[in-house]
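Below you'll find the structure, written out as structure tokens, and then a few comments.
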Amino acid sequence: MRAKNLADPNVSLGEQAWPDMNDISPTTAAECEQDRLEPILKANAERHGADVRFNTELMDFVQDAQGITARIRDQATQAEETVYASYLIIADGVNGNSREKIGVGRHGPGVLQHWMNVIFETDMEPVVNGQYFTAALLQDINGTLVPRDDSGRWSMSVQYFPDHGEGPEDFNDEHCLQLIRAGVGREDVKARIVDARKWEVAAYVADRFSEGRAFIIGDAAHVMPPTGGLGGNTGIHDAHNLAWKLASVINGSAGPRLLDTYDSERRPVAEHTLAQALSRLQAWFKDPNKKLPPAVKIVEDKNVIFGYVYPSGALINEKGFSTIEAFEDPRMPSGCPGSRAAHLVVERNGERLSTIDICNGHWVLFAGPSGGKWVEAARGLHLSSKLGLNCYQFGPDEDLQDIDNCWSSAYGVSEEGAILIRPDGFIAWRAHGASAQPKTNLQNVLALLTFQNS
Ligand SMILES: Cc1cc2nc3c(=O)[nH]c(=O)nc-3n(C[C@H](O)[C@H](O)[C@H](O)COP(=O)(O)OP(=O)(O)OC[C@H]3O[C@@H](n4cnc5c(N)ncnc54)[C@H](O)[C@@H]3O)c2cc1C
1 MRAKNLADPN VSLGEQAWPD MNDISPTTAA ECEQDRLEPI LKANAERHGA DVRFNTELMD
61 FVQDAQGITA RIRDQATQAE ETVYASYLII ADGVNGNSRE KIGVGRHGPG VLQHWMNVIF
121 ETDMEPVVNG QYFTAALLQD INGTLVPRDD SGRWSMSVQY FPDHGEGPED FNDEHCLQLI
181 RAGVGREDVK ARIVDARKWE VAAYVADRFS EGRAFIIGDA AHVMPPTGGL GGNTGIHDAH
241 NLAWKLASVI NGSAGPRLLD TYDSERRPVA EHTLAQALSR LQAWFKDPNK KLPPAVKIVE
301 DKNVIFGYVY PSGALINEKG FSTIEAFEDP RMPSGCPGSR AAHLVVERNG ERLSTIDICN
361 GHWVLFAGPS GGKWVEAARG LHLSSKLGLN CYQFGPDEDL QDIDNCWSSA YGVSEEGAIL
421 IRPDGFIAWR AHGASAQPKT NLQNVLALLT FQNS
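Residue 123 in the UniProt record's numbering sits at position 123 of the sequence shown; the count goes up by one each step and never skips.
Following this line, the structure appears as structure tokens:
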């Protein structure tokens, strides 16, 4: 089999399936099929009060200043129902029509390539010979091979060219088997074809990510080639960005204008991420029809997935701070407002944990070992308690012990400084050092960040 590891083309198959993320995140990377992930997500959503309904179609909706009125239909019984909501999150994927219903167009190069996904069952063991990989580029057929799970189910993706008279109907079992054998370089490979389905490589970004009370996330907002595995990640990032903002406005701890920052933060990130996916597509696969736009410089996957930076939005830019790059290296965090707060291993009451877990879902203020005044000031503010702001001071005898002694370099502030982190783990503001009026400073910063006067 002539193949490259798509997780990291410089690493040979089996050497390393997933890159080590220990210094970026408290969790490790793993693959998880939709049929295993979905029940976990559903149970969690229901634990938080969600009413999750499958086989239910959104037929139509209207919005006014008060909310959304939507008509939904149970596809099993055909029963229709009207539901009312304060907000609508449009997550109906690449073929959904809700984006158009709120009058939002999309732009981009459009449909670029035509591919088939062939799912098959096989015993590939003799071919892969114990090597483990998450995705391989099959150089002989210019396709990809992905082990789906440990049950012997695999998928192969291969391009076809309608301009040359090729179509999905060509992919009968015999042709699929030929391709599998050519791809892995063994004529004796046995395979039972489970499914062969077409899909298109397309590239679009919505012109706006919101309109009134409706917000667009996931593939409904941006469609990108799967090269780099960035599309689903970007959709999850959208939801992560939007969820705390909606919660804050609904519970009254922030003004409605906070919701405008969903578009100003997420749209530029989607544009830059799409450019990364397109550049990978160009680098990895043939483009005989020359349809792909000019490539940008490829940055590492971990920078795209963990290091995207918000240029403006619910954050306070620093004076004299020139435009930052679209992505930074999460292993060398800048600590700038708009970037992801670094993962540091700290000790709290004798227990080791990550700053990511401390921040999870809350506003957090971290102050340096000599920055106790910031914590004192924050704890005395009415706005802090309204937001549920959690405050911690670093220091040998303080709330958090800095195991690797890197708090100051990771967040770019002095021992007297402080950093304010949003519920999505992004840095909203930082004070490089002490202030003569920490309480007034913080009061102003929190009021600005939560759009109290909107
Ligand atoms: C071959 C391939 C490989 C990929 N690999 C990766 C990867 O490794 N990593 C990664 O991050 N991303 C990957 N992606 C991208 C990823 O699959 C998508 O970005 C992601 O699935 C989009 O999720 P979504 O929820 O926005 O949309 P979808 O998954 O398309 O879900 C939208 C849902 O809305 C439903 N819907 C539509 N209209 C209505 C309506 N009116 N009422 C009710 N429901 C409606 C649809 O039926 C659908 O179930 C890949 C994509 C492809 C094609």
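For each residue, glycine too, the CB sits at the ideal point set by N, CA and C.
Which residues does DSSP list as the beta-bridge partners of residue i?
i	result
Y84	T69
A343	The amino acid occupying residue 343 in the given sequence is His; Ala does not appear at that position. In the DSSP output, where bridge partners are listed per residue, H343 has none listed.
L112	In the DSSP output, where bridge partners are listed per residue, L112 has none listed.
W199	W115
T56	D74
E325	DSSP output for E325 lists no bridge partner at all.
Y392	F366
Q452	Per DSSP, none; premise fails for Q452.
H222	V205
I193	F120
I89	F215
H107	V205
V62	T69
E351	R348
S210	F215
Y308	F327
With a 10 Å radius around its C-beta and 16 neighbouring C-beta atoms as the bar for buried, classify residue i as buried or exposed.
i	result
V413	buried
M124	buried
R197	exposed
N453	exposed
N303	buried
F54	exposed
A76	exposed
N444	exposed
T82	exposed
V52	exposed
L37	exposed
A436	exposed
Q113	buried
P39	exposed
R47	exposed
R352	exposed
D238	buried
In angstroms with no decimal places, state the Cα-to-Cα distance between residue i and residue j.
i	j	result
A65	F285	48 Å
Y132	T144	15 Å
S384	E376	11 Å
P268	R192	44 Å
L246	D287	42 Å
G371	E415	6 Å
K190	H164	29 Å
D74	N251	31 Å
L58	P226	27 Å
A378	A295	47 Å
C391	H272	34 Å
residue 464	D399	Given a span of 1 to 454 for the chain in the structure shown, any question on residue 464 remains unanswerable.
K290	Q282	10 Å
R181	D140	10 Å
P19	G228	13 Å
If we call anything under 8 Å between Cβ atoms a contact, is residue i one with residue j?
i	j	result
G212	Q63	yes
G417	G395	no
A428	N441	no
F451	L258	yes
S210	Y160	no
I403	V364	no
K439	G368	no
D357	P26	yes
S157	M224	no
Y204	G108	yes
E121	R153	yes
L138	G183	yes
D329	G313	no
I341	C359	The sequence as given places Ala at residue 341; Ile does not occur at that position. Cβ atoms of A341 and C359: closer than 8 Å.
I89	I217	yes
H240	A270	no
S155	V94	no
S279	I298	yes
I24	R331	yes
Y87	F215	yes
K386	S253	yes
F366	Y411	yes
W244	D424	yes
Quiz item: If you scan the region 122-188 from start to end, which runs of the beta strand (DSSP E) of 3 or more residues do you find wholly inside it?
Solution: 136-138, 143-147 and 153-160
Exercise. Pick out the complete alpha helix (DSSP H) segments inside the region 370-434, 4 residues or longer, and give them in chain order.
Key: 372-379, 382-387 and 407-411
Quiz item: What residue ranges within the region 212-280 form continuous beta strand (DSSP E) runs of no fewer than 3 residues, ordered along the chain?
Solution: 214-216
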